[in-house]
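In mature numbering (1 follows the signal peptide of the UniProt record, and there is no 0), the protein residues as written are -24 to -1, 1 to 157. Heads up, the thing below is written out as structure tokens.
Structural data, given as structure tokens:
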């Protein structure tokens, strides 16, 4: 049991550090990101996002929370504006499992299906969240983070947790050059 405890701890750490949100970022390499200290939400851009007002509120609260953790403060006279955009699409996964009877060496195994094929089909919604940081003075996009992953929305709590996960993974890449935690 003593040998099993370190393995369980390492396994738990590995699982907790894995995210099911794929993130990509892009930014203007000529911008000094240290000059940004305050932010506000860009209502014009946010209004165009084709999601419910409840989900918009959840996303904006999550962004505000994550930016606050990074030392940014919300302001009526901000250095940068924050906008969002969303997309979703239906995806289908088809997995074929071939059981060839391996287990007791090469050859026939009565417990492994004897060469039978199992096909598993699953359908899910893949969502993409874009978070844009816009220089307020120049009115130009300076940084964009894009997170893509499966949407799990069986209830309100899970939906809120998934939105927080998306936002945390995206905002953790800001500012550019900062190593991901």
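Idealized CB from N, CA, C, for every residue including glycine.
Within 8 angstroms, strictly: CB atoms of residue i and residue j
{"i": "residue 8", "j": "residue 120", "result": "no"}
{"i": "residue 4", "j": "residue 118", "result": "yes"}
{"i": "residue 15", "j": "residue 43", "result": "yes"}
{"i": "residue 11", "j": "residue 57", "result": "no"}
Euclidean distance between Cα positions of residue i and residue j
{"i": "residue 145", "j": "residue 95", "result": "33 angstroms"}
{"i": "residue 18", "j": "residue 70", "result": "40 angstroms"}
{"i": "residue -10", "j": "residue 20", "result": "Residue placement at residue -10 cannot be trusted, given a pLDDT of 37 that sits under 50; the coordinates are not used to answer."}
{"i": "residue 151", "j": "residue 110", "result": "13 angstroms"}
Per-residue DSSP class, three states only, for residue i
{"i": "residue 22", "result": "helix"}
{"i": "residue 110", "result": "strand"}
{"i": "residue 27", "result": "coil"}
{"i": "residue 13", "result": "coil"}
{"i": "residue 77", "result": "Interpretation of residue 77 is limited by its pLDDT of 49, a score under 50 that renders its predicted location unreliable; no figure is taken from the coordinates."}
{"i": "residue 7", "result": "coil"}
Buried versus exposed call for residue i [16 or more other C-beta atoms within 10 Å across all chains shown]
{"i": "residue 28", "result": "exposed"}
{"i": "residue 105", "result": "buried"}
{"i": "residue 137", "result": "exposed"}
{"i": "residue 153", "result": "exposed"}
{"i": "residue 34", "result": "buried"}
Residues near residue i by beta carbon distance below 7 angstroms, same chain, minus five either side
{"i": "residue 68", "result": "97, 99"}
{"i": "residue 66", "result": "99, 101"}
{"i": "residue 128", "result": "134, 138"}
{"i": "residue 25", "result": "32, 60, 61, 62"}
Same chain, Cβ closer than 8 angstroms to residue i, neighbours up to 5 away in sequence not counted
{"i": "residue 47", "result": "13"}
Residues near residue i in its chain [Cβ-Cβ closer than 6 angstroms; skip 5 each side]
{"i": "residue 123", "result": "-4, -2, 105, 142, 145, 146"}
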